[in-house]
Every structure is written in C-alpha cells, then in structure tokens.
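Numbering-wise, this note's numbering puts 225 at position 36 of the sequence shown, and it's gapless, one number per residue.
By construction, the Cβ of each residue, glycine as well, lies at the ideal position given by its N, Cα and C atoms.
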Amino acid sequence: MVSYNIAVGLASVLTYLHQEREQQVIHRGIKTSNIFLDVSFNSKSPFCIG
Numbered sequence: 190m191v192s193y194n195i196a197v198g199l200a201s202v203l204t205y206l207h208q209e210r211e212q213q214v215i216h217r218g219i220k221t222s223n224i225f226l227d228v229s230f231n232s233k234s235p236f237c238i239g
C-alpha cells in the first residue's frame with residue numbers, strides 16, 4: 190500500500206508540473222533517488238513550488 194501511495198503522489202506531482210502549472214516544468218531523470226518523501230511517505234515536489 191505504501192508503494193501505491195508513493196506512485197499516486199508522484200503521478201499527482203507530475204500532473205501538476207506538466208498540465209496545471211502556468212509555466213510548465215520539463216524534467217529529466219525521474220528515478221527513485223529523485224523522489225522526495227515526507228515522514229508519512231507522501232511524495233513531494235522536488236521543486237520550490239507553493
């Protein structure tokens with residue numbers, strides 16, 4: 190269940206970066222070492238986005 194929640198959170202972050210943000214972000218190298226998690230294992234954006 191934790192892996193599923195991480196995947197859904199990451200998908201949400203990528204959707205925001207690609208479609209919902211006014212200035213879209215193009216990224217490279219999405220891999221496990223580039224995924225930020227909080228103490229509850231929720232995916233966080235690696236960018237300083239409010």
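Review point. How many Å lie between glycine 218 and valine 202 at the Cα?
Key: 15 Å
Exercise for review: Give me the Cα-Cα distance between valine 191 and phenylalanine 230, rounded to the nearest whole angstrom.
Suggested key: 7 Å
Practice item. For serine 222, name the three-state secondary structure that DSSP assigns. Key: helix
Review point. What do you get for cysteine 232, buried or exposed, if any count of 16 or more other CB atoms within 10 angstroms of its CB means buried?
Key: At residue 232 the sequence reads serine, which differs from the cysteine that was named. When all chains shown are included, serine 232 counts as buried.
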